[in-house]
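Trainee: Please find one structure pasted underneath; my questions will follow.
Following this line, the structure appears as structure tokens:
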């Protein structure tokens, strides 16, 4: 029997934080790869029918990912992730900012703290997102963050079934 997991959110406007938790039916090694390897990220990061397109990615402390969410009509919405720290298979921290196509960030951004833990061949991912401004947080929520991220997680479930 396969367990179906849901993405859980706790949104705290007062603290400008969003807490996200999701468990995946896959071992830690595969889930970690799916969050940290460009080719796999691009398969699930954008909710369908949107696509994720990574221009550059260097997953290490001090590295970054520059990518776009591409609409079905071809519109590109760019973001920059800068990796602050990486503790393999347990945690990574990054800053995230919307950007233009020339990599100019739109500040303020957000700070992400992602934690990974394995239990019984399933992997729990816990994320704390601190938004550097309440306005940015409201914009993120209004843009459909909850539904879009949950759709991405469902797509990740499917991608994980294909990884070895």
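In my numbering, the protein residues as written are 147 to 310. Glycine is no exception: its CB is placed at the ideal position from the N, C-alpha and C atoms. Owing to the predicted nature of the structure, the values given are computational and were not obtained by experimental measurement.
1. By Cβ distance, which residues of its chain are closer than 6 Å to residue 195, with the 5 residues on each side in sequence left out?
2. Excluding the five sequence neighbours on either side, which residues of its own chain have a C-beta within less than 8 Å of the C-beta of residue 179, listed in chain order?
3. For residue 191 and residue 222, what's the separation of their Cα atoms in angstroms?
4. Quick one: what's got a C-beta closer than 6 Å to residue 189's C-beta in the same chain, skipping five residues either side?
5. Give me the Cβ distance between residue 159 and residue 283, rounded to the nearest whole Å; I'm assuming they're in contact under 8 Å.
6. Can you list, in chain order, the residues of its chain with a C-beta nearer than 7 Å to that of residue 228? Leave out the 5 residues immediately preceding and following it.
7. Start and end of the alpha helix (DSSP H) containing residue 151?
8. Does DSSP put residue 159 in a helix, in a strand, or in coil?
Mentor: Based on what the coordinates show:
1. For residue 195, where only same-chain residues beyond five positions count, the Cβ hits under 6 Å are 218.
2. Correct list, in chain order: 186, 309.
3. Computed Cα separation, rounded: 14 Å.
4. Excluding sequence neighbours, residue 189 sits near 305.
5. Contact flag correct, Cβ pair sits at about 7 Å.
6. Taken in chain order, the residues that qualify are 210, 240, 241.
7. Per DSSP, residue 151 lies in no alpha helix (DSSP H) segment and is marked neither H nor E.
8. In this structure, residue 159 counts as coil in the three-state DSSP scheme.
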